[in-house]
Amino acid sequence: MSLQLLDKLAEGGGLSHAEYVELLQARSPALAEELFARARRVRDRIYGPQVFLRGLVELTSYCRNDCYYCGLRRSNRNAERYRLTPEQILASCEVGYRLGFRTFVLQGGEDEYFIDERVVALVRSVKASCPGSAVTLSLGEKPYESYRQLREAGAERYLLRHETADPEHYRKLHPENLTLENRLRCLHDLRSLGFQTGAGFIVGSPGQTLDCLAKDLAFLADFKPEMIGIGPFMPHHDTPFAQAPAGDLDLTLFLLGVIRLLLPTVLLPATTALGSIHPRGRELGVLAGANVIMPNLSPPDVRDKYSIYDNKLSSGAEAAEGLEDLRRRLAEINCRIAPGRGDHPNFAQPDETTAASSKKM
Ligand code: SAM
Ligand code: SF4
Numbered sequence: 006m007s008l009q010l011l012d013k014l015a016e017g018g019g020l021s022h023a024e025y026v027e028l029l030q031a032r033s034p035a036l037a038e039e040l041f042a043r044a045r046r047v048r049d050r051i052y053g054p055q056v057f058l059r060g061l062v063e064l065t066s067y068c069r070n071d072c073y074y075c076g077l078r079r080s081n082r083n084a085e086r087y088r089l090t091p092e093q094i095l096a097s098c099e100v101g102y103r104l105g106f107r108t109f110v111l112q113g114g115e116d117e118y119f120i121d122e123r124v125v126a127l128v129r130s131v132k133a134s135c136p137g138s139a140v141t142l143s144l145g146e147k148p149y150e151s152y153r154q155l156r157e158a159g160a161e162r163y164l165l166r167h168e169t170a171d172p173e174h175y176r177k178l179h180p181e182n183l184t185l186e187n188r189l190r191c192l193h194d195l196r197s198l199g200f201q202t203g204a205g206f207i208v209g210s211p212g213q214t215l216d217c218l219a220k221d222l223a224f225l226a227d228f229k230p231e232m233i234g235i236g237p238f239m240p241h242h243d244t245p246f247a248q249a250p251a252g253d254l255d256l257t258l259f260l261l262g263v264i265r266l267l268l269p270t271v272l273l274p275a276t277t278a279l280g281s282i283h284p285r286g287r288e289l290g291v292l293a294g295a296n297v298i299m300p301n302l303s304p305p306d307v308r309d310k311y312s313i314y315d316n317k318l319s320s321g322a323e324a325a326e327g328l329e330d331l332r333r334r335l336a337e338i339n340c341r342i343a344p345g346r347g348d349h350p351n352f353a354q355p356d357e358t359t360a361a362s363s364k365k366m
């Protein structure tokens, strides 16, 4: 029966709510192996056994929001706050550029210092200093007009996880002023402006049930984001969820496989949280169907301060050795680093091959 659900997933169009729940309930090591083998075949048919790199620059640890799960939440008086200067941000991207990175992800808390004008200037300078690169932003919820200016400045992609598609569960994870409704409004605005749009959720966040996860999968099947970020919940000691257990590695991997079958062309990272929960977490993610890795390019002295959760992986690819280590780890699982910016096939650049390529980075 579970194999029939995998067949149905691969046919496209998604499953019913009850079928998603049934598939997640039926999870077993044998079913996971079968799912992962199918997910890899689907990924390899579209992209080849390759992983796109995104250089992550964590701009700021200030945040005006108070999400209950996150160490950067405004109420955390013990959080160490920092904000990178434009020079530091540009230098981080340029280091990555010289190493071959062609996508930069500028991420941060919702810091009121980074008004539109400043982010617009940043996007323009990264695009000018790193020709041919894509800029991804992940700076939270904004009005339509702000997103419009950022898109006009040249940013091509935006990551904004929906966090959970269940409104009641959303309420348990956020204070009153943050609503699922506004989160979804943002995602629709981003899509309408022509951003490659990334949604996603935390696996094992407090109060999450299989019912919530089924709703997440149904939302993804319907919205069809170009990118999907999922990673296990990791507690942070200075948040209301300090005592909550971490999310489950195997469930996260299973969901990665399901998402790959559901949306074959999706750009799907093996996230930092996956690498933080298990020493080989990112490789396991790639074996489950992921095809993106986001090494950290932030200056080493600020990495510990971007403390979203405890025990966050902070090694990066700031040096050629970091990249060499990643290359070796990928080779061990018969995978390699893909060249180019790695746009979603619906947004492919004229000079770029996102499909299987024999070129190596
Ligand atoms: N402030 C922006 C936002 O919230 O979209 C971007 C930065 S935020 C730190 C990036 C993502 O980190 C969030 O979307 C959330 O899913 C994830 N995150 C936050 N706290 C987490 C935790 N304790 N465990 C796992 N993921 C977490
Ligand atoms: Fe701020 Fe993002 Fe953390 Fe929420 S998840 S507190 S918006 S940095």
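For the sequence shown, the residue numbers in the numbering used here are 6 to 366.
Quick reminder that beta carbons are idealized off the backbone N, C-alpha and C, glycines included.
Below 8 Å on the Cβ atoms is my guess for residue i versus residue j; work out the distance and round it to an integer in Å.
i: residue 2; j: residue 237; result: Since the first and last residues shown for the chain are 6 and 366, residue 2 lies out of range.
i: residue 187; j: residue 150; result: That pair is no contact at about 15 Å.
i: residue 232; j: residue 162; result: 7 Å
i: residue 164; j: residue 143; result: 4 Å
i: residue 332; j: residue 319; result: With a Cβ gap of about 20 Å, residue 332 and residue 319 do not count as contacting.
Measuring only the C-alpha atoms, how far is residue i from residue j?
i: residue 172; j: residue 301; result: 32 Å
i: residue 239; j: residue 11; result: 29 Å
i: residue 260; j: residue 93; result: 36 Å
i: residue 223; j: residue 273; result: 17 Å
i: residue 160; j: residue 112; result: 13 Å
i: residue 15; j: residue 154; result: 38 Å
i: residue 249; j: residue 59; result: 30 Å
i: residue 40; j: residue 293; result: 8 Å
i: residue 310; j: residue 88; result: 10 Å
i: residue 127; j: residue 271; result: 27 Å
i: residue 23; j: residue 219; result: 8 Å
i: residue 42; j: residue 79; result: 42 Å
If you drop the 5 nearest sequence neighbours on each side, which residues of the same chain put their C-beta closer than 7 Å to that of residue i?
i: residue 21; result: none
i: residue 76; result: 84, 241, 243, 244, 312, 313 and 314
i: residue 95; result: 130, 131 and 134
i: residue 56; result: 291, 296, 297, 298, 335, 340, 342 and 343
i: residue 226; result: 19 and 267
Among residues of its own chain, excluding the 5 on either side of residue i, which ones have a beta-carbon nearer than 8 Å to its beta-carbon?
i: residue 365; result: With a pLDDT of 48 at residue 365, under the threshold of 50, the predicted position of this residue should be treated as unreliable, and no value is reported.
i: residue 289; result: 254, 258, 275, 279 and 283
i: residue 337; result: 288
i: residue 209; result: 237, 238, 250, 251, 252, 253, 256 and 257
i: residue 363; result: Its pLDDT being 38, under 50, residue 363 is placed unreliably in this model, and the coordinates cannot settle the point.
Tell me which same chain residues have a C-beta within less than 6 Å of the C-beta of residue i, skipping the five on either side of it?
i: residue 129; result: 158
i: residue 86; result: 66 and 67
i: residue 169; result: 175, 206 and 217
i: residue 367; result: Outside the shown range of the chain, which is 6 to 366, sits residue 367, and nothing can be said about it.
i: residue 247; result: 240
Original post:
What are the start and end residues of each continuous alpha helix (DSSP H) run of 4 or more residues lying completely inside the region 286-320, in chain order?
Top reply: 286-292 and 305-308
Original post:
Quick one: any contact between the region 58-78 and the region 103-121, if contact means 3 or more CB pairs under 8 Å?
Top reply: yes
Original post:
Between the region 36-48 and the region 105-117, do at least 3 Cβ pairs fall closer than 8 Å?
Top reply: no
Original post:
So does the region 50-60 actually touch the region 16-34, counting three or more Cβ pairs closer than 8 Å?
Top reply: no
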